[in-house]
Amino acid sequence: MSLIHPRIPLGITLRRILSGASFVGCADIRVQHATNNSLDCGSQALFAALRGREFDGHHFIRDAIQHGATSVLVEYPQSDVPVPQCVVRNSRQAFARICSALNGDPSRELSTVGVTGTNGKTTTTWLVRSILQTAGIQTGLLGTIEYNDGFRVEPSTLTTPDSMMLTDWLSSMVSHGTTHAAIEMSSHALDQFRCAGILIDAAVITNITHDHLDYHLDYDAYRASKLRIFENLKPGGVAVLNADDPGSISCLAHAPGQVITFGIHNSADVSATILQQSSQGTTFVLTAGVERIEVRTSMIGEHNVSNCLAAAAATLHAGIALPDIAAGIEALTDVPGRLERVDCGQPFNIFVDYAHTDDALQRAIAAAKTLTTGRVFCVFGAGGDRDRSKRPLLGCAGASADVAVVTSDNPRSESPTQIIDEIVAGMPITAQSHIEADRAEAIRWALSQAGPQDTVLVAGKGHESEQIIGSQRLHFDDREVIGRLVTAGLKGPHDIPATNLIGPHKNVGQIA
Ligand SMILES: CC(=O)N[C@H]1[C@@H](OP(=O)(O)OP(=O)(O)OC[C@H]2O[C@@H](n3ccc(=O)[nH]c3=O)[C@H](O)[C@@H]2O)O[C@H](CO)[C@@H](O)[C@@H]1O[C@H](C)C(=O)N[C@@H](C)C(=O)N[C@H](CCC(=O)O)C(=O)O
Ligand SMILES: Nc1ncnc2c1ncn2[C@@H]1O[C@H](COP(=O)(O)OP(=O)(O)OP(=O)(O)O)[C@@H](O)[C@H]1O
Ligand SMILES: N[C@H](CCC[C@H](N)C(=O)O)C(=O)O
Ligand SMILES: [Mg+2]
Numbered sequence: 001m002s003l004i005h006p007r008i009p010l011g012i013t014l015r016r017i018l019s020g021a022s023f024v025g026c027a028d029i030r031v032q033h034a035t036n037n038s039l040d041c042g043s044q045a046l047f048a049a050l051r052g053r054e055f056d057g058h059h060f061i062r063d064a065i066q067h068g069a070t071s072v073l074v075e076y077p078q079s080d081v082p083v084p085q086c087v088v089r090n091s092r093q094a095f096a097r098i099c100s101a102l103n104g105d106p107s108r109e110l111s112t113v114g115v116t117g118t119n120g121k122t123t124t125t126w127l128v129r130s131i132l133q134t135a136g137i138q139t140g141l142l143g144t145i146e147y148n149d150g151f152r153v154e155p156s157t158l159t160t161p162d163s164m165m166l167t168d169w170l171s172s173m174v175s176h177g178t179t180h181a182a183i184e185m186s187s188h189a190l191d192q193f194r195c196a197g198i199l200i201d202a203a204v205i206t207n208i209t210h211d212h213l214d215y216h217l218d219y220d221a222y223r224a225s226k227l228r229i230f231e232n233l234k235p236g237g238v239a240v241l242n243a244d245d246p247g248s249i250s251c252l253a254h255a256p257g258q259v260i261t262f263g264i265h266n267s268a269d270v271s272a273t274i275l276q277q278s279s280q281g282t283t284f285v286l287t288a289g290v291e292r293i294e295v296r297t298s299m300i301g302e303h304n305v306s307n308c309l310a311a312a313a314a315t316l317h318a319g320i321a322l323p324d325i326a327a328g329i330e331a332l333t334d335v336p337g338r339l340e341r342v343d344c345g346q347p348f349n350i351f352v353d354y355a356h357t358d359d360a361l362q363r364a365i366a367a368a369k370t371l372t373t374g375r376v377f378c379v380f381g382a383g384g385d386r387d388r389s390k391r392p393l394l395g396c397a398g399a400s401a402d403v404a405v406v407t408s409d410n411p412r413s414e415s416p417t418q419i420i421d422e423i424v425a426g427m428p429i430t431a432q433s434h435i436e437a438d439r440a441e442a443i444r445w446a447l448s449q450a451g452p453q454d455t456v457l458v459a460g461k462g463h464e465s466e467q468i469i470g471s472q473r474l475h476f477d478d479r480e481v482i483g484r485l486v487t488a489g490l491k492g493p494h495d496i497p498a499t500n501l502i503g504p505h506k507n508v509g510q511i512a
């Protein structure tokens, strides 16, 4: 459902915004409302028939007309359809452009940093927002954790919302006087043209490693979807690339205009020298051209310094001065569930992290090791109904901990023990491991083993507050579970009343 803002046009005509479109049964189509859901057409709507993973929207055209659609957007002309048709080559791309136009093309009025990459998108967008807000600039954010127009905040449904919701939020930012935005652009969203027509000032590619090959099928297609972010750049926009990551820097040749590189290990326009790392944070010297400044962040891990550099490069391009960038990085105390410290008075470090790829897990473990004189216990699993090929890679990465505690993440429709077997298949035979499919019990075991010099890293679910098992969504927050276990003196989870660990069942009737 569209939010209503005074700056939204009263309607648009398709011929003006869709070059190359042809029309059946009319010379042009005037649109006031558009949807891709046949069940949510309302009267006078344009129904956009999108080809999806499960369904082809073209099969729902009659359904849409019955629900009130008065025109359709299609990829091939339909016979026996009693309403005007607009025929385009790519209805997802055209639909995104229509959504943006119906919302008054809000991205034209915003200065926006778009961030893609396998890991680090959420962290980088939060850093960008912190830098801009600390400099006194009202900034919106759309990403994995929240959608925020500068005033209103809602928990996210997808990392990158669909085209209707995306442009609604951008429009809401403009209406509320928000001038800047940071947007996570997932590979799924770029592949599905959810962001088509959204203009951005900086396109950040944090890194391109391995994820979502269930969807993209191979690395080249995955990388190609990330490269599509350059199509969103305004004239004069900048590509921000990671000199330390072969996948990111390989995009340099495709950048349409100016490029700013960042890096810790390789020569780059924006770079860092790490001075000190402790469980309280990291100090580094940030260098951009001839300017240098010492920065202290409460974030942990070299990968987070890399994220700071990406955010610094994007905001330098937005005209923010280096001291303000340093202040903005320092002002961000926490990104929920990203190496988040959990302190319940226990005599060792506990971190909850969102690592769910092999590169992320290996880096999160490396970060924990720099702070630990004893052993690092890493509790992790892998999501069901997601890229199976990353499971043995996660196993291999998890084995870099001193003790790998393999458990369930969100098994969804799959067998937890089958997923665990596929993870364990990637672990070297010499790895120290403990296998426990019940996540709460796995956490309890790790906590019960840890001594004062050790660290327990609980990875994979970060800020998530549910565990998806079969068709059920069970309340489950790693941070809460840890808190309750430590408070209860690390008794077995079955000795603790069930409500202490797992909240009420919410059967959603489908697998997420
Ligand atoms: C695999 C995938 O990405 N699917 C997304 C995709 O769905 P789809 O278009 O393939 O949908 P479909 O069910 O095949 O239907 C095709 C078309 O028929 C229409 N339809 C269908 C049935 C009907 O009765 N009537 C009707 O009109 C649908 O509205 C749709 O337009 O487009 C939809 C609208 O944009 C998304 O909601 C949906 O995300 C699903 C829920 C999803 O789980 N996506 C995940 C994998 C995702 O995108 N994740 C990334 C995160 C990645 C990361 O952070 O690392 C994200 O951006 O969040
Ligand atoms: N620059 C980085 N390089 C490698 N790993 C990183 C980097 N930044 C963060 N990580 C790891 O990836 C995890 C997820 O980080 P973040 O949420 O910022 O990434 P994301 O790209 O938004 O992930 P998602 O695709 O799930 O939304 C972190 O918890 C950390 O383990
Ligand atoms: N955006 C990622 C999140 C994965 C988080 C992990 N907890 C899982 O459920 O696999 C995805 O949809 O693949
Ligand atoms: Mg994210």
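Counting in the UniProt record's numbering, the sequence shown runs from 1 upward without gaps.
Every residue gets a Cβ at the ideal spot worked out from N, C-alpha and C, and that includes glycine.
Being a predicted model, the structure only gives us computed values, none of them experimental.
- Within the DSSP bridge table, the entry for residue 350 names 456 as partners.
- In the three-state reduction of the DSSP assignment, residue 406 falls in the strand class, which pools E and B.
- Cβ-Cβ distances below 7 Å link residue 393 to 210, 358 and 426 in the same chain, with the five nearest sequence neighbours on each side left out; the list follows chain order.
- Going by beta carbons, residue 150 and residue 201 fall outside the 7 Å limit.
- In the structure shown, residue 258 falls within a strand segment according to DSSP collapsed to helix, strand and coil.
- Per DSSP, residue 473 is one residue of the beta strand (DSSP E) stretching across 472-475.
- For residue 90, the three-state secondary structure derived from DSSP is coil.
- Rounded to whole angstroms, residue 391 and residue 463 show a C-alpha spacing of 21 Å.
- Taking all protein chains shown into account, residue 344 has fewer than 16 neighbouring C-beta atoms within 10 Å of its C-beta and is therefore exposed.
- Note on the segment 199-230: whole beta strand (DSSP E) runs with a minimum of 3 residues are 200-205, in chain order.
- Listed in chain order, the beta strand (DSSP E) runs fully inside the UniProt domain "Mur ligase N-terminal catalytic" (37-78) are 45-48 and 69-74, counting runs of at least 3 residues.
- Taking 6 Å as the cut-off, the C-beta of residue 356 counts as close to a heavy atom of ligand 3.
- By the Cβ criterion, the segment 255-275 is in contact with the segment 291-309, since at least three pairs of Cβ atoms, one from each stretch, lie closer than 8 Å.
- Taking 3 residues as the minimum length, the beta strand (DSSP E) runs contained wholly in the segment 163-193 are 180-184, in order along the chain.
- Secondary structure note for residue 415: it is in no alpha helix (DSSP H), with a DSSP letter that is neither H nor E.
- With a cutoff of 7 Å on beta-carbon distance, residue 253 and residue 301 are scored as not near each other.
- For residue 206, the distance from the CB to the nearest heavy atom of ligand 1 is not below 6 Å.
- Boundaries of the alpha helix (DSSP H) around residue 305: 302-317.
- Per the CB criterion, closer than 5 Å to any heavy atom of ligand 1, the qualifying residues run in chain order as 36, 37, 38, 50, 52, 53, 54, 55, 57, 60, 158, 159, 160, 162, 186, 188 and 189.
- Looking at the DSSP output, residue 113 sits in a beta bridge with 182 and 202.
- No residue range can be given for residue 436, since it is assigned to no alpha helix (DSSP H) and is classified by DSSP as neither H nor E.
- Beta-carbon to beta-carbon, residue 482 and residue 458 are separated by about 7 Å, close enough to satisfy the 8 Å threshold.
- Take the alpha-carbon of residue 95 and the one of residue 163: they are about 8 Å apart.
- The segment 216-231 makes no contact with the segment 139-159; the number of CB pairs closer than 8 Å stays below 3.
- Take the alpha-carbon of residue 22 and the one of residue 152: they are about 40 Å apart.
- Out of 303, 204 and 221, the CA that lies nearest to the CA of residue 261 is found in 204.
- In the three-state scheme derived from DSSP, where H, G and I count as helix and E and B as strand, residue 240 is classed as strand.
- The distance from the Cβ of residue 176 to that of residue 215 is about 34 Å, inconsistent with a contact at the 8 Å cut-off.
- Taking the Cα of residue 347 as reference, the smallest distance to any Cα among 54, 46, 160 and 447 is reached at 447.
- Set against 6 Å, the gap from the CB of residue 386 to the closest heavy atom of ligand 3 is smaller.
- In this structure residue 34 is not in contact with residue 97, their Cβ atoms being roughly 10 Å apart against a cut-off of 8 Å.
- Per DSSP, residue 275 is one residue of the beta strand (DSSP E) stretching across 270-278.
- Around the beta carbon of residue 55, a 10 Å sphere encloses fewer than 16 other beta carbons of the protein chains shown; the residue is thus reported as exposed.
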